[in-house]
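For the sequence shown, the positions run 5 to 266 when the working numbering is used.
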Amino acid sequence: MLFRSKRFSSRPDDELVIDISEEFGIRKLHFGNDDTQSAMRVNNPAELVLAYSRCVFGCLLFIEPPREMLLIGLGGGSIAKWAYGNLPQTHITCVELHQQVVNVARSMFFLPDDDARLDVITGDGAAHVCSMADGSADLIVMDAYSATGIAPPLATPDFFMACRDKLSGDGVLAVNLWGSDKRFQQYCDRLSDVFDGCFLCLPARQKGNVIAFGFKRPLGDPKWEALTARAQKLEAQYGLEFTEFVTDLARMNPHNDRKLFV
């Protein structure tokens, strides 16, 4: 039976209300009555239950596992936990605006404590990006959503340009978008402009999420044959549906029967 097992609100002046529900072994985090922000299989906390969170790692079709990963927006910590458990060479920094979200991720969703490979910071994601050294991140994931969509400071051309500047030579920015958002095309156009057309969309097969990737370097119009071969290798290594990702890239990006145009 579905139940709301806990409700959290950090301060009287903080409008954020966090609800936790659990059904059929899946624990979910909601901001008030909003859609599911994060989901965890209780008997396998590191599994990426939501399709969009798996799509984030579709970037591995084009880059090697990152050495430095920045995650803006924590939620229940699903993306951070998967990277922590599956990418041992990756140092992960998470920036989350609300301390209560961090507390819930650790108490209810088994986010590990900080250590040599994981730093969780309570703060403003845009300000954190601006404070970073240029070229210091291999992967930046922007997953800061609320009931009203992306926080405006995290979707401006200036913010996207700051992210681009902080990426290493082979770096990638991954932005979680909602396909039905009236500003969806505007966000895509901004990203494409900032990354000089080195931009791809990967639609999730669950709900309406789309992961938009901006690449620091041109990809050279990758051929489907090479992408499929890499996908098969990655799928065997990590257990995510990389071959489906390759197929789904054809749904939203310019291509012909031989290659992607990016």
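We put the CB at the ideal spot given by N, CA and C, even for glycine.
Beta-carbon proximity of residue i to residue j, cut-off 9 Å
| i | j | result |
| --- | --- | --- |
| A148 | G80 | no |
| L65 | L171 | no |
| F113 | V133 | no |
| V145 | V266 | no |
Boundaries (first-last residue) of the beta strand (DSSP E) holding residue i
| i | result |
| --- | --- |
| T97 | H95 to E100 |
| C202 | Here C202 belongs to no beta strand (DSSP E), and DSSP marks it neither H nor E. |
| R31 | I30 to F35 |
| A216 | N213 to F219 |
Limits of the unbroken alpha helix (DSSP H) element including residue i
| i | result |
| --- | --- |
| C59 | A55 to V60 |
| R255 | F246 to M256 |
| A50 | Segment: none, A50 is in no alpha helix (DSSP H) and carries neither H nor E. |
| G89 | S82 to N90 |
Contact with chain D by residue i, beta-carbon distance below 9 Å
| i | result |
| --- | --- |
| K220 | The displayed structure is made up of one protein chain only, and chain D is not part of it. |
DSSP state of residue i mapped onto helix, strand, coil
| i | result |
| --- | --- |
| I67 | coil |
| K237 | helix |
| D162 | helix |
| V133 | helix |
| R15 | Since pLDDT at R15 reaches only 45, below the 50 mark, its modelled position is unreliable, and no value is offered. |
| S172 | strand |
| V266 | coil |
| Q190 | helix |
Best match in the options for proximity to residue i [C-alpha to C-alpha]
| i | options | result |
| --- | --- | --- |
| A109 | P157, V46 and P92 | V46 |
| G36 | I125, A50 and V105 | V105 |
| G89 | V124, L52, A43 and C63 | L52 |
| R194 | P69, G243 and C167 | C167 |
| A50 | T40, P116 and H34 | P116 |
| G153 | L75, E68 and G212 | G212 |
| I96 | V250, D142, C63 and L122 | L122 |
| V72 | I30, R262 and L143 | It should be noted that the sequence gives Glu, not Val, for residue 72. Of I30, R262 and L143, the residue nearest in Cα terms is L143. |
- prompt: Given 8 Å as the limit, is there contact between the region 212–232 and the region 177–191, that is, 3 or more CB pairs closer than that?
  reply: yes
field: Meets three-Cβ-pair contact criterion under 8 Å: the region 204–211 and the region 253–265
entry: yes
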